[in-house]
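Residue numbers (this note's numbering): 9 to 423. Glycine residues also receive a C-beta, built at the ideal position from the N, C-alpha and C atoms. A short worksheet on the structure shown next.
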Amino acid sequence: MKKRDFIKNMTMGGLAMPLGGLIKNMGTKPQKTFTFDGDWNNVRKAYQLRDYINLENGYYNILPTHTLEHQIDQLRDLNDDGSYYMRKYMTSDREATRQTMAQFLQVPVEELIITRNTTESLDTIISGYPWQKGDEAIMARQEYGSMLDMFKQQARRFGIVNTMIDVPLHPESDEAIVELYEKAITPRTKMILVSHMINITGQILPIRKICDMAHKHGVKVLVDGAHAIAHFVFKISDLNCDYYGASLHKWLSVPLGAGILYVKKENISEIWPLFGETAYADTDIRKLNHTGTMPMHIENSIPFAIQFYNTIGAERKEERLRYLQRYWSDQLRTQKGFIINTPEAKERSCGIANIGIEGMTPASLAEKLMKDHKIWTVAIDSAGVKGCRITPNVYTTTDELDQFVKAMLTIQKNN
Ligand SMILES: Cc1ncc(COP(=O)(O)O)c(C=O)c1O
9 MKKRDFIKNM
19 TMGGLAMPLG
29 GLIKNMGTKP
39 QKTFTFDGDW
49 NNVRKAYQLR
59 DYINLENGYY
69 NILPTHTLEH
79 QIDQLRDLND
89 DGSYYMRKYM
99 TSDREATRQT
109 MAQFLQVPVE
119 ELIITRNTTE
129 SLDTIISGYP
139 WQKGDEAIMA
149 RQEYGSMLDM
159 FKQQARRFGI
169 VNTMIDVPLH
179 PESDEAIVEL
189 YEKAITPRTK
199 MILVSHMINI
209 TGQILPIRKI
219 CDMAHKHGVK
229 VLVDGAHAIA
239 HFVFKISDLN
249 CDYYGASLHK
259 WLSVPLGAGI
269 LYVKKENISE
279 IWPLFGETAY
289 ADTDIRKLNH
299 TGTMPMHIEN
309 SIPFAIQFYN
319 TIGAERKEER
329 LRYLQRYWSD
339 QLRTQKGFII
349 NTPEAKERSC
359 GIANIGIEGM
369 TPASLAEKLM
379 KDHKIWTVAI
389 DSAGVKGCRI
399 TPNVYTTTDE
409 LDQFVKAMLT
419 IQKNN
């Protein structure tokens, strides 16, 4: 949705808020430099924010002005240089960014490409795998819809069988989750699709244990890491997965339209590219990266986003996001009338959690939060999850979360 339409819809939805209220920027002047002295209020100043409370950063993370200003420079340069840039420098710049990203993720560059988003990364694998009629794939109902749709398409096209499982909202142990996947494996199973963090609840799954189990049965594991990269600390190489896709415009705060696809070396040759490519050998992952003319200013902004992230520090960011989530969820967890749809164990979640109010639809809760309290969230009413997904970001203050908790208590009381 365009910004103009976004504002129009909000107003037509009767938000009882002057239009100017939504479009007002609350930040300071754009800055191209960023330093972090440990004071989160200064991180907030690195953003230009609207005057509503944004607790829907799970869709994508808006850019700090540092990265935004650099992106604008990149766009301007690209436009000034035109096809001269594209012909002379596009390929070498793409390669340089791929190297930078491989270093950042600590994976061999031969196993990584930069894509436009998680959808492109995962769908490249789902559509490019050499499926045979009767092959089986396992996935949870809580997986992202586009990937489930892509598997449905393979079922129609090649006659594969998709086995659905349900991940419990509050699992007893890692082993209980692994067992769920293992029980669904048959001699015909070829692939498991599993989210590193389930997008509707924020639950983190034990990927390494699932991969180790799957490999014992000769089953490949495709990991949806849309919400994991630059959210919490891990190494893809420690997961022992076969394929890993993620979006960089989520937690790394790269401008919209960037993602990564990791494919373990031994799995590259059997994957068919989505777009024809003969310049690279079947064993070269770059065969999967032919997407035509690219908005290069997006990829060229990736190093600036990495710079911003590194200045905060990976561990510090993870700790802050988990702190913010627990700050509000621990206050509401024990109150009557609320349902928390995210596991309580600290290691099973980070910045994202989901909460519902008994007897109230998620849609009305989201609407009340925005209309009456100027708090923007998203309603989730699918795959056994009923509630609003609450996603703070590094610029979120505890003051804002106090307002959120107060709003929830008021809404619940008046329900
Ligand atoms: C778990 C998960 N997978 C995939 C996606 C798709 O991401 P994108 O639209 O960037 O491709 C999302 C988006 O929110 C997601 O939450």
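Does ligand 1 have even one heavy atom less than 6 angstroms from the beta-carbon of residue i?
| i | result |
| --- | --- |
| T126 | yes |
| N69 | no |
| D88 | no |
| A234 | yes |
| N297 | no |
| N7 | With the chain covering 9 to 423 only, the question about residue 7 has no answer from this structure. |
| Y152 | yes |
| S203 | yes |
| S255 | yes |
With a 10 Å radius around its C-beta and 16 neighbouring C-beta atoms as the bar for buried, classify residue i as buried or exposed.
| i | result |
| --- | --- |
| R165 | exposed |
| A234 | buried |
| Y92 | exposed |
| G265 | buried |
| K344 | exposed |
| D250 | buried |
| K191 | exposed |
| Q114 | exposed |
| D407 | exposed |
| T291 | exposed |
| S203 | buried |
| H239 | buried |
| P263 | buried |
| G90 | exposed |
| P116 | exposed |
| E307 | buried |
| S181 | exposed |
| H225 | exposed |
| W259 | buried |
| G66 | buried |
What number of angstroms, rounded off, separates the C-alpha of residue i from the C-alpha of residue j?
| i | j | result |
| --- | --- | --- |
| K295 | D174 | 35 angstroms |
| P38 | H78 | 11 angstroms |
| I31 | Q56 | Its pLDDT being 41, under 50, I31 is placed unreliably in this model, and the value from its coordinates should be taken loosely. C-alpha separation (whole angstroms): 11 angstroms. |
| I80 | N69 | 17 angstroms |
| I208 | T108 | 31 angstroms |
| L213 | T286 | 37 angstroms |
| P176 | G142 | 28 angstroms |
| G29 | E103 | Confidence at G29 is low in this model, with a pLDDT of 39, below 50, so the placement of that residue is unreliable and no value is reported for it. |
| E278 | Y252 | 16 angstroms |
| T342 | I121 | 45 angstroms |
| C444 | P179 | Nothing in the structure corresponds to residue 444, since the chain is present only between 9 and 423. |
| E355 | V402 | 19 angstroms |
| V227 | T197 | 6 angstroms |
| N87 | F112 | 28 angstroms |
| D101 | L377 | 44 angstroms |
| K414 | G321 | 31 angstroms |
| P138 | A163 | 13 angstroms |
| K325 | M155 | 28 angstroms |
| G392 | W48 | 36 angstroms |
| L71 | K53 | 12 angstroms |
| R397 | G284 | 39 angstroms |
| S129 | D220 | 22 angstroms |
| Q161 | I168 | 9 angstroms |
| Q411 | E187 | 41 angstroms |
| Q211 | E327 | 16 angstroms |
| K243 | N422 | 46 angstroms |
Under 7 angstroms, do residue i and residue j count as touching if we go by C-beta distance?
| i | j | result |
| --- | --- | --- |
| T105 | I347 | no |
| S135 | L269 | no |
| T171 | I146 | yes |
| G431 | N349 | Since the displayed the chain opens at 9 and closes at 423, residue 431 lies outside it and no answer follows. |
| Y60 | W384 | yes |
| F42 | H74 | yes |
| S255 | A313 | no |
Is there at least one Cβ from chain B nearer than 7 angstroms to residue i's Cβ?
| i | result |
| --- | --- |
| G46 | Annotation note: the requested chain B is absent from the structure, which comprises a single protein chain. |
Under 6 angstroms from any heavy atom of ligand 2, does the C-beta of residue i make it?
| i | result |
| --- | --- |
| W48 | Because ligand 2 does not appear in the structure shown, any question about it cannot be addressed here, the ligands present being ligand 1. |
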